[in-house]
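Data block below; observations after.
Residue numbers (my numbering): 326 to 515.
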């Protein structure tokens, strides 16, 4: 990472993903039983896109926090190459990772979307060797990480995360597919 990017990333406001997710859950609980249109409930409007992306970033960082056993914070700093910056501290040193979220959208939006097709599309990234890609599998389906074929990619890390429970109280996180992947479960904070 070049110095200009590091200076930019260090100045971002980093937020606790647990706090963000608890705030999102309060709103989700209120609108779940309302007559609010599905597009709004699922944050599928242009004006709500920023909130959907922040929620996805917070879920991913919360899962990574559980996996690493330490807090991973969300820094909203979108560019053409990434959606946010993840930050964590080990032994007094701040680590920064640009992260791009890709989404396998619900079946009713695109029945042909898949994790494999999303991974295959990543071959176009030629100058992204420090980028982490996190794929949000946003549909009720099974996912077998052993079946995922990962072509040669020029990225730092590849993860997949998905709700395992219909009420989104339990999530799965699989990766890093650029190394030796493994999976884990984590709970959505309440």
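In this text, a Cβ means the ideal position worked out from N, Cα and C, and glycines have one as well. Small disclaimer: the values here were computed from a predicted structure and weren't measured.
Under the DSSP assignment, residue 342 falls in the alpha helix (DSSP H) whose first and last residues are 342–357. Between the beta-carbon of residue 476 and that of residue 457 there is about 17 Å, and that puts the pair past the 8 Å contact cut. Contact between the region 457–466 and the region 432–445 is present: 3 or more CB-CB pairs across the two stretches fall below 8 Å. Checking the DSSP bridge columns, you'll see residue 461 partnered with 428, 486.
A Cβ-Cβ contact shorter than 9 Å links residue 501 with residue 482. In the DSSP assignment, residue 502 falls outside any alpha helix (DSSP H), carrying neither H nor E. Spanning the alpha carbons of residue 369 and residue 377 requires a straight line of approximately 8 Å. For residue 372, the secondary structure class from DSSP, reduced to helix, strand or coil, is helix. In the three-state reduction of the DSSP assignment, residue 390 falls in the helix class, which pools H, G and I. Taking 9 Å as the cut-off, the Cβ atoms of residue 424 and residue 438 do not count as close.
Rounded to the nearest whole angstrom, the CA to CA distance from residue 341 to residue 358 is 28 Å. By the criterion of a C-beta distance shorter than 6 Å, residue 422 is surrounded in its chain by 411, 457, once the five residues flanking it on both sides are discounted. Look at residue 454 here: in three-state DSSP terms it is strand. Between residue 434 and residue 379 the beta-carbon gap is near 20 Å, outside 8 Å, which marks them as no contact. Beta-bridge partners assigned by DSSP to residue 421: 412.
Under a 10 Å Cβ-count criterion, residue 427 is classified as buried, with 16 or more other Cβ atoms of the shown protein chains found around its own Cβ. Residues of the same chain with a CB within less than 7 Å of the CB of residue 431, apart from the 5 flanking positions on each side, are 463, 464 in chain order.
Ranked by how close their Cα comes to the Cα of residue 469, the residues 480, 485, 478, 398 have 485 in first place.
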